[in-house]
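These notes concern the structure reproduced below.
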Amino acid sequence: MFILSTIVLLNVWAIHADDLFSPSINILEELGKINIMQIRMESMEKEIEQLKIETSAQTKEMAQMQVKIDDMKVKMEEHTQQHEVSKVAFSVSLSSTIGPVKSLHTLIYKHIFLNQGDAYDANTGIFTAPMKGVYAFRLFSKTHGSADKAVVAGLFKNGKHEISTYARQSGGFIGSSNGVSLLLEKGDKVYVNLYSGYWIFDNEHHHSTFSGHLLFSM
């Protein structure tokens, strides 16, 4: 009987021992899961570091692109300013009769049709080149026809005669025109002189005119 009881007790203890150590299997499983999570976290950290490197490279690239964009903006502004400056043209008329004069006389064309670039001075009658380039000029002079009256007007550059208009006849009205293209340096001055002893006709209908414009800069 004692032997039988002992066997029964041993079986019970064995059962309780299994129940006591069985949780150790769950702990191992959890440790395995934690290990897997740790591996994943390390992988994610590496990915984050790689993303930081790529982001830094992209930031540098964007900074370089911004420098290029800013440089392009500056060049575009300079080009725009140069284009605006290159818009040079004027067209003017006397609006009144002048002469005959006793000496070489600079004509002041007071009526302004156009003065793009403000290079023509209506107070002096002088056009001042705002930049180096080739400019085209046109001059038209009109006078009353008379045996003792004629018009002789000359286009001058920095005091040097370039071209003239000349007209004379016995009656009626007569006009003369001329034109020239000149290479001008910045600051060169172009104007029209009426020669001594001659006169030029104009009124509100603007018969006698002086015009010029920039063909291209250099």
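Here the sequence shown stands for residues -17 to -1, 1 to 201, numbered as in mature numbering (1 follows the signal peptide of the UniProt record, and there is no 0).
Using N, Cα and C, we set each Cβ at its ideal position, and we do this for glycine too.
Among residues of its own chain, excluding the 5 on either side of residue i, which ones have a beta-carbon nearer than 8 Å to its beta-carbon?
i: residue 160; result: 121, 122, 123, 124, 148
i: residue 105; result: 75, 91, 92, 93, 95, 98
Check this for me: beta carbons of residue i and residue j, under 9 Å apart or not?
i: residue 118; j: residue 69; result: no
i: residue 191; j: residue 158; result: yes
i: residue 84; j: residue 174; result: no
i: residue 115; j: residue 59; result: no
i: residue 189; j: residue 87; result: no
i: residue 103; j: residue 162; result: no
i: residue 112; j: residue 168; result: yes
How many Å lie between residue i and residue j at the Cα?
i: residue 21; j: residue 13; result: 12 Å
i: residue 57; j: residue 72; result: 27 Å
i: residue 31; j: residue 38; result: 10 Å
i: residue 2; j: residue 11; result: With a pLDDT of only 49 at residue 2, under 50, the local geometry of the prediction cannot be trusted, and the value read off the model is given with reservation. Taking the straight line from one Cα to the other gives about 16 Å.
i: residue 133; j: residue 54; result: 59 Å
i: residue 145; j: residue 166; result: 12 Å
i: residue 152; j: residue 137; result: 19 Å
i: residue 19; j: residue 9; result: 15 Å
i: residue 52; j: residue 43; result: 14 Å
i: residue 45; j: residue 29; result: 24 Å
i: residue 141; j: residue 79; result: 25 Å
i: residue 108; j: residue 48; result: 51 Å
i: residue 101; j: residue 34; result: 59 Å
i: residue 24; j: residue 17; result: 10 Å
i: residue 139; j: residue 187; result: 26 Å
With burial defined as no fewer than 16 other Cβ atoms inside 10 Å of the residue's Cβ, what is the status of residue i: buried or exposed?
i: residue 185; result: buried
i: residue 170; result: exposed
i: residue 40; result: exposed
i: residue 110; result: buried
i: residue 197; result: buried
Name the DSSP bridge partner or partners of residue i?
i: residue 136; result: 148, 177
i: residue 121; result: 162, 194
i: residue 36; result: Answer is none; residue 36 lacks a bridge partner.
i: residue 172; result: 111
i: residue 73; result: 98, 195
i: residue 167; result: 116
i: residue 200; result: 116
Skipping 5 residues on each side, what residues in its chain have a beta carbon closer than 7 Å to that of residue i?
i: residue 127; result: 156, 184
i: residue 81; result: 90, 177, 182, 183
i: residue 135; result: 147, 149, 178, 181
Apart from the five residues on each side of it in sequence, which residues of its chain come closer than 6 Å, Cβ to Cβ, to residue i?
i: residue 27; result: none
i: residue 193; result: 75, 92, 122, 175
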